[in-house]
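Chemist: My structure is below; once you've seen it, I'll send some questions.
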Amino acid sequence: MAKPAVILVGADKGGVGKTTVARTLIDYFGAHQTPTRAFDTESPRGTLKRFHPDLTEVVDVTAVADQMKIFDTLGSADAKVTVIDVRAGLLSSTLQALTDIGFLESAKKGQITFAVFHILGPSIASLEEIAETARVMGDANYFLVKNFINNTTFFEWDPATYNSYFKRIKGAEEITIPKLNEMAYEQVEVASVPFVSFVGNKGVKNEAANYSFVLRGYVRHWLGNVWGEYDRVKLIDLVAPKMESNVRQAAG
Amino acid sequence: MSFRSSITIIASPRPRVGKTLLARLLADFHRHEGRAVATFDLNAGDKTLEHFLPEQTTTASIRDINGQIALFDRLVADENTTKVVDLGHESFESFFAVTHQIGFVEEALSRSIGVAILFTMTPDKTSVEAYRSLRARFSHATLAPVHNEMLGPAQHRDKYPLASGSPVVRIPVLAPGLRRYIETPPFSFADAQLAETAGIPVSAHVEIQRWLRRIYLEFRELDLRILLADLRSSIRFGS
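These protein sequences, in sequence, are chains U and G. Here our numbering is used: the first residue of the first sequence is 69, the next is one more, and so on. Here our numbering is used: the first residue of the second sequence is 623, the next is one more, and so on.
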C-alpha cells in the first residue's frame, strides 16, 4: 500500500476562497487519476459537498468520532489522497488536535505525507496566523496560497513584513491563484459542478449541458493556470511519488 | 470529418486598409455560392457593413463578457451558416487575446467549423509583428495574408513569412471611377439586378463583374485551403 497523503486546506478567516482551492485540488488529482476523498468541515451544510457530493463527507473535525473517521481510515480507504477543507477559524486548533493525536508525529516519521494549503486573505491580519501555524507545523509541506480569484485589489502587504513571516516556515512555497472572470465563476457556482465538468460542458449527473462556450473557455484557461502552479510545486510527485506524473492536463 | 461551415476573420491592426470591403466581397461570394451567411461587425461606430448587408450583419462588441458571449457563442453555434467577422483595428488585440484564451479555434474545429484569418499586409512594423504573433498563436487556423493592390503594388513578401504552398489572396485594383458605384449603398456584389436599379452604366457593370470574377477565383482557392487544413487536422487528430 502506497503512503497515504493528507492535505489540509485552511484559513483563519472566512471568505478567502478556501473551498474554491479545495475544489481545484480535487479536480487536479482527478485529472491525474489519483483516487481522492474529501472532508468538509462546514457542518451541517458543506459547500464542498455541493460540488463533489460523491467524494465528500461533512464532518466536525473537533469531534473525536469524526477524527477517527478521517484519520483511522487513512491506510484502509481506497482513496490515496485525503483533502480536508477546514472551516474558517479552525486551522490552528485543527493543527493542535493533529499534534495531540500524534498525527504530525507520523508525518514527521514519513509514514504519512502531510501538506497544508494556507489560504491568505488580502489583509495584514492573516499574516499573524502564519506565525501561529508555523509554530506547530515544523517541517511539513507548507503552501501559502495567494488567492486572487474573486478580487482585483492588490494584497495590502508590506513585502518586508510578508517575507519575515514567510521565512519562519522552512521550505514554505508560494502558490498564486489567478483571477477568474466573475461571470464565469458565478456560472460554475450556479451549475454546482466541478470545474472540470463545467469545462467539459457536463451537468451534475454527467449529462450534456449547455454552458456558454466563452465562459467554459475562461474557466479552462484559469484552471490550466492553477494546475500549472500545482505542477510547478510538484504536487503530484509529493502525494503520489511513484505515479506517472506527466499526465496530460485535461484542462490544458 | 469535413467542415460544415467556416468562420473567416478579416483583420489588420491598421485602419483604412479595405477590411470592410473585403468582408462585403467575401460575404457576397458565399451568398453567390448559395450559402447562408452571417456577418459580424466589430468596428466602432460607422456601421458601414450593416448598410451594405442589412439582413446579414450583427453589430458586435467584445468589451465586456456579455458581448463576448453574444459573439463567440454564436460563432461556434451549431448552424450551417458561413460567418464573416469584420474586425475593427481598435479591437484587434483584445479580440485575438480572448480568442486565444478561450480556445476558440480548437472549439470551432471540434464542431467541424473551419477558421480562417485574412490579414491585410501593410509594411508597418505593428502589422508585421501582429502577423507573426497570429502565426505563432493560431497554428490550427488558416492564416492567409491579403495583398490589397489598391493600397499599392508592393507585396512586402520579405516581411511576411508564408507557410509553404499558401499563396497570398490578391485583391486587384478596380478601375478608377468605379469605386464610387460599389461604395454607395445599397449595393451588393451578389445581386446583379441591383446594378440596374442603382443606375450603374452597363460598361461599369461589366467592368465590376470582371474584377469580381478575379476576386471570386481567389476566394475559391482560399476555400480549398480551408478544406486542406481540415484534411491536415484530420490526419493530425486521427479523426
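Note that CB positions come from ideal geometry on N, CA and C, so glycine has one too. Just so it is clear, the structure is predicted and the values come from calculations on it, not from any experiment.
(1) Out of curiosity, what's the CA-to-CA distance linking U:P72 and U:A240?
(2) So, is G:R847 buried or exposed, given that buried needs 16 or more other C-beta atoms within 10 angstroms?
(3) Between U:Y286 and chain G, is the shortest Cβ-Cβ distance under 8 angstroms, so that the two count as touching?
(4) Mind pulling the chain U residues with CB within less than 8 angstroms of G:E729?
(5) From U:L248 to G:T630, what does the alpha carbon distance come to, in whole angstroms?
(6) Per DSSP, U:G78 forms a beta bridge with which residues?
(7) Going by DSSP, what residue range makes up the alpha helix (DSSP H) through U:K214?
(8) Taking only the alpha-carbon atoms, compute the straight-line gap between U:N231 and U:Y210 and give it to the nearest angstrom.
(9) Quick one: grab the DSSP three-state call for G:S627.
(10) Could you spell out where the beta strand (DSSP E) holding G:V791 opens and where it closes?
(11) Please give me, in chain order, every unbroken run of the alpha helix (DSSP H) with length at least 4 that falls completely inside the segment 739 to 804 of chain G.
(12) Decide if G:S749 is buried, meaning its Cβ has at least 16 other Cβ atoms within 10 Å, or exposed.
(13) When burial is assigned at 16 or more other CB atoms within 10 Å of the CB, is U:E110 buried or exposed?
(14) At what residues does the beta strand (DSSP E) containing U:R105 begin and finish?
(15) Tell me whether U:R300 sits in a helix, a strand or coil according to DSSP, three-state version.
(16) Could you name the residues of chain G that U:M251 contacts, counting a contact when the two beta carbons are closer than 7 angstroms?
(17) Skipping 5 residues on each side, what residues in its chain have a beta carbon closer than 6 angstroms to that of U:F182?
(18) Does chain U have any CB closer than 8 angstroms to the CB of G:F694?
(19) How many Å lie between U:G271 and U:V258 at the Cα?
(20) Where does G:T819 land, buried or exposed, given buried means 16+ other C-beta within 10 angstroms?
Modeler: Let me spell this out:
(1) One-based indexing of the first sequence puts residue 72 of chain U at position 4. One-based indexing of the first sequence puts residue 240 of chain U at position 172. Taking the straight line from one Cα to the other gives about 21 angstroms.
(2) Walking along the second sequence from the start, residue 847 of chain G turns up at place 225. G:R847 should be labelled buried.
(3) Locating residue 286 of chain U in the first sequence gives position 218, counting from the first residue. For U:Y286, the answer is yes, since a Cβ of chain G falls inside 8 angstroms of its Cβ.
(4) Residue mapping note: residue 729 of chain G aligns to position 107 of the second sequence, counting from 1. The contacting residues are F281, G285.
(5) Position 180 of the first sequence holds residue 248 of chain U. Position 8 of the second sequence holds residue 630 of chain G. Approximately 29 angstroms between the Cα atoms of the pair.
(6) The residue you call residue 78 of chain U lines up with position 10 of the first sequence. Bridge partners of U:G78: U:H186.
(7) Locating residue 214 of chain U in the first sequence gives position 146, counting from the first residue. First-last for U:K214: 209 to 215, but that is the beta strand (DSSP E), not the alpha helix (DSSP H).
(8) Numbered from 1 along the first sequence, position 163 holds the residue referred to as residue 231 of chain U. Numbered from 1 along the first sequence, position 142 holds the residue referred to as residue 210 of chain U. Near 15 angstroms, if we compare the C-alpha coordinates of U:Y210 and U:N231.
(9) Sequence index remark: in the second sequence, residue 627 of chain G carries index 5 (1-based). Under the three-state reduction of DSSP output, G:S627 falls in the strand class.
(10) Residue 791 of chain G sits at position 169 when you count from the first residue of the second sequence. Where G:V791 is concerned, the enclosing beta strand (DSSP E) stretches over 791 to 793.
(11) The segment 739 to 804 of chain G contains these whole alpha helix (DSSP H) runs: 747 to 759, 801 to 804.
(12) The count along the second sequence starts at 1 and reaches residue 749 of chain G at position 127. Buried, by the Cβ-count rule.
(13) Here residue 110 of chain U refers to the residue found at position 42 of the first sequence. With 16 or more Cβ atoms within 10 Å of its Cβ, U:E110 is classed as buried.
(14) By one-based count along the first sequence, residue 105 of chain U stands at place 37. Counting along the chain, the beta strand (DSSP E) containing U:R105 begins and ends at 104 to 108.
(15) As a position in the first sequence, residue 300 of chain U is number 232, starting the count at 1. If DSSP states are grouped into helix, strand and coil, U:R300 belongs with the helices.
(16) The count along the first sequence starts at 1 and reaches residue 251 of chain U at position 183. The answer, in chain order, is I687.
(17) Start at 1 with the first residue of the first sequence, and residue 182 of chain U comes out as number 114. Here the set comprises V74, A175, A208.
(18) Numbered from 1 along the second sequence, position 72 holds the residue referred to as residue 694 of chain G. So, interface residue.
(19) Taking the first residue of the first sequence as 1, we reach residue 271 of chain U at position 203. Taking the first residue of the first sequence as 1, we reach residue 258 of chain U at position 190. Within the model, the alpha-carbon separation for U:G271 versus U:V258 is close to 11 angstroms.
(20) Sequence index remark: in the second sequence, residue 819 of chain G carries index 197 (1-based). Counting Cβ neighbours within 10 Å, G:T819 comes out exposed, since fewer than 16 surround it.
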